[in-house]
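Worksheet: the structure to be examined is printed underneath.
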Amino acid sequence: MSILSRFAPSPTGYLHLGHAYSAWQVFRRANILRLRLEDIDTTRCRPEFYAAIQEDLTWLGLAWQGEIRVQSQHFPEYATALAHLRERGLLYPCFCSRADIARAITAPHGAEALYPGTCRHLSAAERAEKIASGAPYALRLNVKTASAQAGPLKFHEDQKGWITAEPERLGDVVLARREIPASYHLCVVHDDALQNITHIIRGEDLFEATHIHALLQALLGLPTPAYAHHKLLTGPDGKRLAKRDHAATLREMRAAGTTAASILNNFEGA
Ligand code: GLU
């Protein structure tokens, strides 16, 4: 069976060792590798990072095939998918600020608190009034209604086997905002189908998101690929490598004399 997968970084910084590990995990299992740049949050992306990602992957010898999918060039396609969900009555406007949500939540769930559903209960008149007053809002998926429409769903995870999707684990996720008219969740399922991805290989930090992705795929009539979630590389402090913690970038390592072969060899034993 041919395994078509993708590496989908966001051009918000230079790639570090954690990205290289993820790209390598995809590369070693896939027969065909696509490259996608997830840059819908255009405010956080910078032109130099687009070229640097390609340069760093080429340096590592992790070759992709076909055209690079650059998400920010396709907002109208995501708008169509969003409209489809809206027509089915599955979206509602949420006027809460991040601070409102934090205040309303008493029991944090994991790293990220679940949205308590405040605006789900607004009447049509209240919504219309707020929208008319120009209040900014995000569009959230009504996960309970959406799950009821979609019926029971399953997805296959490489190490865990068949899993019953529990999309409510992430709550009513945001699918669009004024500044960013499509969310990661929406764009990723759209593009995975568009690029005919058969296997998604990504970090285990995205395992929870897979539950919501299975739901969105069902709602949008898209196939659910097979999933594998690899462990995350951690630094000496035991925390996952992250851009915000200034993990050494691949280009810094390269400048310091590290070879691509030594990086990939280390992954073999990781
Ligand atoms: N763009 C995501 C990231 O950089 C990856 C998304 C995915 O693999 O589904 O973390």
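One rule links them: number in the working numbering = place in the sequence shown (from 1) + 1. For glycine and all other residues, C-beta sits at the position ideal for the given N, C-alpha and C.
query: Can you grab the Cα-Cα spacing for the pair Gly204 / Leu242, in whole Å?; result: 12 Å
query: How many angstroms separate the CA atom of Ile4 from the CA atom of Tyr228?; result: 11 Å
query: Along the alpha helix (DSSP H) that carries Phe156, what are the first and last residues, could you check?; result: Careful: Phe156 lies outside any alpha helix (DSSP H), inside the beta strand (DSSP E) at 155–158.
query: CB-CB under 6 Å to Ile201, same chain, minus the five flanking residues each way: which ones, in chain order?; result: Pro226, Tyr228
query: When DSSP builds the beta bridges, which residues end up paired with Pro94?; result: Leu140
query: State the start and end residues of the unbroken alpha helix (DSSP H) segment that holds Ile54.; result: 48–61
query: Nearest CA to the CA of Val144: which residue from His157, Gln160, Arg170?; result: Arg170
query: Just tell me which of Arg7, Gln66, Gln55, Leu36 has its CA closest to the CA of Arg252.; result: Gln55
query: In angstroms, rounded to a whole number, what distance separates the CA positions of Asp173 and Asp238?; result: 34 Å
query: Taking all protein chains shown into account, decide if Arg37 is buried (16 or more other Cβ within 10 angstroms of its Cβ) or exposed.; result: buried
query: Please state if the CB of His191 and the CB of Leu176 are separated by a distance shorter than 8 Å.; result: no
query: Give me the DSSP bridge partner(s) of His200.; result: Ala227
query: Using a threshold of 8 Å, state whether the C-beta atoms of Ser1 and Glu39 are closer than that.; result: Nothing can be reported for residue 1: it is not among the residues displayed for the chain, which extend from 2 to 271.
query: Look at the Cβ atom of Ala249, then the Cβ atom of Leu18, and state whether they are nearer than 8 Å.; result: yes
query: Going along the chain, which residues of its own chain have a beta-carbon closer than 6 Å to the beta-carbon of Gln218, five neighbours each way excluded?; result: Val190, Thr225
query: Can you give me the Cβ contacts of Gly118 inside the same chain, cut-off strictly under 7 Å, excluding the 5 residues immediately before and after it?; result: Asp173
query: Here's a check: name, in chain order, each residue in its chain whose Cβ is nearer than 6 Å to the Cβ of Gly258, leaving out the five neighbours to either side.; result: none
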